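For the record, the sequence lines run as chains E and H.
Here numbering that gives the first Met the number 0 is used: the first residue of the first sequence is 0, the next is one more, and so on.
Here numbering that gives the first Met the number 0 is used: the first residue of the second sequence is 0, the next is one more, and so on.
A virtual CB, placed ideally from N, CA and C, is assigned to each residue, including glycine.
Note that the structure is predicted; figures quoted are calculated from it, not measured.
Below: one structure, written as structure tokens.
There are 2 protein chains.
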Amino acid sequence: MVSTVERWAQASAVDVRRAARAGELTASTAGMAGGFVQVNLVILPARDAADFLRFCQGNPKPCPLLAVSEPGERGLPRLGADLDIATDVPRYRVFRHGQAVADPTDIVELWQDDLVTFALGCSFTFDHVLSQADIALRHVEQGCNVSMYDTSLPLARSGPFGGNMVVSMRPLNAADAIRAIQISTRFPLVHGAPVHLGDPDRIGIRDIAAPEYGEPVAIRDGELPVFWACGVTPQRALVDAGLPLAMTHSPGHMLVTDLREHEIAVC
Amino acid sequence: MVSTVERWAQASAVDVRRAARAGELTASTAGMAGGFVQVNLVILPARDAADFLRFCQGNPKPCPLLAVSEPGERGLPRLGADLDIATDVPRYRVFRHGQAVADPTDIVELWQDDLVTFALGCSFTFDHVLSQADIALRHVEQGCNVSMYDTSLPLARSGPFGGNMVVSMRPLNAADAIRAIQISTRFPLVHGAPVHLGDPDRIGIRDIAAPEYGEPVAIRDGELPVFWACGVTPQRALVDAGLPLAMTHSPGHMLVTDLREHEIAVC
Numbered sequence: 000m001v002s003t004v005e006r007w008a009q010a011s012a013v014d015v016r017r018a019a020r021a022g023e024l025t026a027s028t029a030g031m032a033g034g035f036v037q038v039n040l041v042i043l044p045a046r047d048a049a050d051f052l053r054f055c056q057g058n059p060k061p062c063p064l065l066a067v068s069e070p071g072e073r074g075l076p077r078l079g080a081d082l083d084i085a086t087d088v089p090r091y092r093v094f095r096h097g098q099a100v101a102d103p104t105d106i107v108e109l110w111q112d113d114l115v116t117f118a119l120g121c122s123f124t125f126d127h128v129l130s131q132a133d134i135a136l137r138h139v140e141q142g143c144n145v146s147m148y149d150t151s152l153p154l155a156r157s158g159p160f161g162g163n164m165v166v167s168m169r170p171l172n173a174a175d176a177i178r179a180i181q182i183s184t185r186f187p188l189v190h191g192a193p194v195h196l197g198d199p200d201r202i203g204i205r206d207i208a209a210p211e212y213g214e215p216v217a218i219r220d221g222e223l224p225v226f227w228a229c230g231v232t233p234q235r236a237l238v239d240a241g242l243p244l245a246m247t248h249s250p251g252h253m254l255v256t257d258l259r260e261h262e263i264a265v266c
Numbered sequence: 000m001v002s003t004v005e006r007w008a009q010a011s012a013v014d015v016r017r018a019a020r021a022g023e024l025t026a027s028t029a030g031m032a033g034g035f036v037q038v039n040l041v042i043l044p045a046r047d048a049a050d051f052l053r054f055c056q057g058n059p060k061p062c063p064l065l066a067v068s069e070p071g072e073r074g075l076p077r078l079g080a081d082l083d084i085a086t087d088v089p090r091y092r093v094f095r096h097g098q099a100v101a102d103p104t105d106i107v108e109l110w111q112d113d114l115v116t117f118a119l120g121c122s123f124t125f126d127h128v129l130s131q132a133d134i135a136l137r138h139v140e141q142g143c144n145v146s147m148y149d150t151s152l153p154l155a156r157s158g159p160f161g162g163n164m165v166v167s168m169r170p171l172n173a174a175d176a177i178r179a180i181q182i183s184t185r186f187p188l189v190h191g192a193p194v195h196l197g198d199p200d201r202i203g204i205r206d207i208a209a210p211e212y213g214e215p216v217a218i219r220d221g222e223l224p225v226f227w228a229c230g231v232t233p234q235r236a237l238v239d240a241g242l243p244l245a246m247t248h249s250p251g252h253m254l255v256t257d258l259r260e261h262e263i264a265v266c
């Protein structure tokens with residue numbers, strides 16, 4: 000008998016989006032629709048969208064842009080033909096003045112004609128690509144969230160959006176670190192190559208054993224910490240900007256697109 | 000006025016080969032014919048050539064094969080139209096029973112109808128590619144030879160050819176290490192991606208401050224030692240095999256080919 004987890008792993012992107020749209024799926028999309036690209040969503044009124052677009056463009060490693068909608072448009076045709084931004088994510092998060100105020104399962108009632116949607120690369124896809132190459136990921140082994148850290152790496156500022164980069168860390172032995180650099184280089188739309196490896200002090204990490212986000216993982220003898228730009232970076236920038244209204248996916252509850260992972264590889 | 004060094008740097012591969020052929024050039028080819036691929040040569044009687052070919056095939060990182068001649072053939076048409084293996088290298092080295100016995104400027108008198116020539120990727124080209132990408136190389140800054148080490152990394156044995164890999168080491172900060180991995184991955188024919196980075200113990204290096212070949216270089220605060228498979232590997236294997244006759248280029252005195260560096264990039 001096929002378990003629910005396996006059934007969702009083998010589902011298509013369209014299956015996942017339709018289940019979310021029907022209200023049947025409100026769970027995290029981790030491990031669902033294997034091989035399909037999942038994305039972070041940021042939805043902003045047009046008045047803030049130009050600044051955020053420039054912010055992403057200036058910081059492509061933490062904020063890799065896969066698609067931007069026209070104002071008011073509820074589709075993202077490059078990411079899927081049958082796709083409704085306001086219903087197809089299992090759970091959303093609504094921010095007012097930088098505060099999370101609700102986690103609804105759709106945003107139909109909140110929709111406005113001036114909303115612009117940004118789809119950004121997501122680490123679920125990144126981790127899946129590494130796992131497919133037999134690179135063991137400690138946070139997957141430990142069954143916990145990846146370790147993420149504030150750094151001293153400054154972002155290119157744009158309007159109200161700025162601050163420092165947040166990075167995720169995966170401990171790897173040297174051979175896997177080299178291989179992971181090669182593989183992630185092929186995927187600039189899910190954060191691309193690492194921004195650092197080795198000594199955490201060099202990028203202003205306070206305490207490698209105490210990540211600011213996610214959970215700590217063991218770094219074993221012979222392993223190097225390898226640091227990638229992280230999708231928490233735009234989330235932090237968004238919260239810090241304190242906009243009157245902003246909406247995103249709820250953490251872990253992604254938009255699943257019709258793009259296959261190999262389609263976003265640059266070589 | 001253009002210096003001799005600059006003149007040779009701007010020379011074509013054909014210019015360098017013709018000067019070597021005429022006996023006018025007997026110096027190291029380091030820095031000559033910028034952008035043209037230089038290669039190591041190994042020349043063996045046919046009876047040993049099949050084993051050596053399998054050895055290279057089984058150990059592509061230290062022994063990347065660009066071309067192999069037919070027995071007795073003095074040309075390597077894939078590497079240059081007007082090319083004579085027996086005259087176009089500034090200086091050769093002749094080995095008998097594993098001992099270097101002569102460093103002649105041509106091997107016309109020693110030529111035999113059964114000799115097979117192997118052209119292997121060379122670190123001059125590798126270092127040039129990294130330098131073109133603005134990656135500062137410590138051994139170039141220090142004006143010395145690169146540091147090279149015996150390791151415990153075993154080679155695939157073939158007939159009399161075996162032993163452990165020799166690696167070269169370049170100290171780089173994390174950002175340059177990541178970039179150097181990306182760039183060298185594009186060039187498998189000049190040793191490709193590193194085989195290790197970080198802790199030298201992990202690959203059996205005895206003392207990072209005392210390289211077995213070349214000269215020691217400073218590893219500065221915030222830098223990682225990055226290790227690449229090295230062309231000294233086949234030279235060691237050749238000497239250790241103790242063949243009755245083997246010929247190579249003299250160290251630093253390479254065959255300059257008509258191939259441009261970008262032609263051997265895989266992406």
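Contacts that CYS266(H) makes with chain E (C-beta to C-beta distance below 7 Å): CYS266
Taking 7 Å as the limit between beta carbons, can you name the residues of its chain near GLY213(E), skipping five residues before and five after? Scanning its chain for C-beta atoms nearer than 7 Å, with the 5 sequence neighbours on each side dropped, one finds around GLY213(E) the residues ASN144, VAL145, SER146, MET147, in chain order.
Less than 8 Å separating the beta-carbons of LEU152(E) and ALA176(H)? no
Among the candidates GLY142(E), ILE218(E), ALA45(E), ARG6(E), whose CA atom is the shortest distance from the CA of PRO243(E)? ALA45(E)
If you measure from the beta carbon of THR256(H) to each beta carbon in chain E, is any gap under 8 Å? no
At a CB-CB cut-off below 9 Å, which residues of chain H make contact with HIS261(E)? Under a criterion of Cβ atoms nearer than 9 Å, no residue of chain H is adjacent to HIS261(E); the nearest Cβ is some 15 Å distant.
Thinking just about the alpha-carbon of each residue, which of GLN131(H), SER11(H), SER2(H), THR116(H) is nearest to the one in VAL41(H)? Nearest of GLN131(H), SER11(H), SER2(H), THR116(H) to VAL41(H), Cα basis: THR116(H).
Inspect the CB distances between the region 99-114 of chain H and the region 54-63 of chain H and report whether three or more fall short of 8 Å. no
Beta carbon of PRO187(H) nearer than 8 Å to that of VAL265(H): Their beta carbons are under 8 Å apart, which means PRO187(H) touches VAL265(H) by this criterion.
First through last residue of the alpha helix (DSSP H) which encompasses GLY57(E): 45-57
Neighbour list for PRO193(E) in chain H, Cβ cutoff strictly below 9 Å: ALA173, ILE177
Grab the span of the beta strand (DSSP E) containing ARG137(E) for me, first residue to last. Element bounds for ARG137(E): not the beta strand (DSSP E) but the alpha helix (DSSP H), 137-140.
Between the CA atoms of HIS248(E) and SER11(E) - distance to the nearest angstrom: 20 Å
ASP350(H) - DSSP class collapsed to helix/strand/coil: Because chain H here runs from 0 to 266, residue 350(H) falls outside it and cannot be looked at.
Go to SER130(E), then tell me how far its beta strand (DSSP E) extends in each direction, as first and last residue. Element bounds for SER130(E): not the beta strand (DSSP E) but the alpha helix (DSSP H), 122-131.
I think ARG201(H) touches ALA173(E), with their Cβ atoms under 8 Å apart; what is that distance to the nearest whole Å? 7 Å
Quick one: is ILE180(E) near chain H, going by C-beta distance under 8 Å? Cβ-Cβ to chain H under 8 Å: yes for ILE180(E).
Measuring straight from C-alpha to C-alpha, what distance separates ASP239(H) and VAL67(H)? 22 Å
Just grab the DSSP bridge partners of VAL247(H) for me. Val is not the amino acid found at residue 247(H); the sequence shown has Thr there. According to DSSP, THR247(H) bridges with VAL41(H), ARG92(H).
Per DSSP, GLU222(E) forms a beta bridge with which residues? Answer is ASN172(E).
Could you say which of ARG137(E), ALA18(E), GLY161(E) lies nearest to LEU237(E) if we only look at CA atoms? GLY161(E)
Would the beta-carbon of VAL4(E) fall within 8 Å of that of GLY30(E)? Yes; because the gap between Cβ atoms is below 8 Å, this pair is in contact.
Can a CB atom of chain H be found closer than 8 Å to the CB of ARG219(E)? Taking Cβ atoms only, chain H never reaches closer than 8 Å to ARG219(E), which makes this a no.
Answer with buried or exposed for SER122(H), where buried requires no fewer than 16 other C-beta atoms within 10 angstroms of its C-beta. buried
C-beta neighbour in chain H for LEU267(E), strict 8 Å: This structure does not reach residue 267(E), given that chain E is present from 0 up to 266, and the question cannot be answered.
Considering only the alpha carbon of each residue, which of ALA228(H), ASP220(H), SER27(H) lies closest to PRO250(H)? SER27(H)
Under 8 Å by Cβ, that's how I've got THR124(E) and VAL216(E) pegged, so tell me the actual separation to the nearest angstrom. Rounded, the Cβ-Cβ distance is 20 Å, inconsistent with contact.
Taking all protein chains shown into account, decide if VAL1(H) is buried (16 or more other Cβ within 10 angstroms of its Cβ) or exposed. exposed
What separation, rounded to the nearest whole angstrom, lies between the Cα atoms of LEU75(E) and ILE84(E)? 8 Å
With DSSP as the reference, label TRP7(H) as helix, strand or coil. It is helical.
Spatial distance of GLY203(E) from ASN163(E) (CA atoms): Their backbone Cα atoms lie some 10 Å apart in a straight line.
Where LEU228(E) sits in the DSSP three-state scheme: Sequence check: residue 228(E) is Ala here, not Leu. ALA228(E) falls in the strand class under three-state DSSP.
Evaluate VAL15(E) with the Cβ neighbour count: other Cβ atoms within 10 Å of its Cβ, from every protein chain shown; 16 or more gives buried, anything less gives exposed. buried
Could you tell me which residues DSSP puts in a beta bridge with ARG259(E)? Note: ARG259(E) sits in a beta bridge opposite PHE35(E).
Nearest candidate by alpha-carbon position, reference LEU119(H), set GLY241(H), GLY22(H), HIS261(H), CYS229(H): Of the candidates GLY241(H), GLY22(H), HIS261(H), CYS229(H), the one whose C-alpha sits nearest the C-alpha of LEU119(H) is CYS229(H).
Taking Cβ-Cβ distances shorter than 7 Å, what residues in chain H pair up with THR184(E)? GLN181
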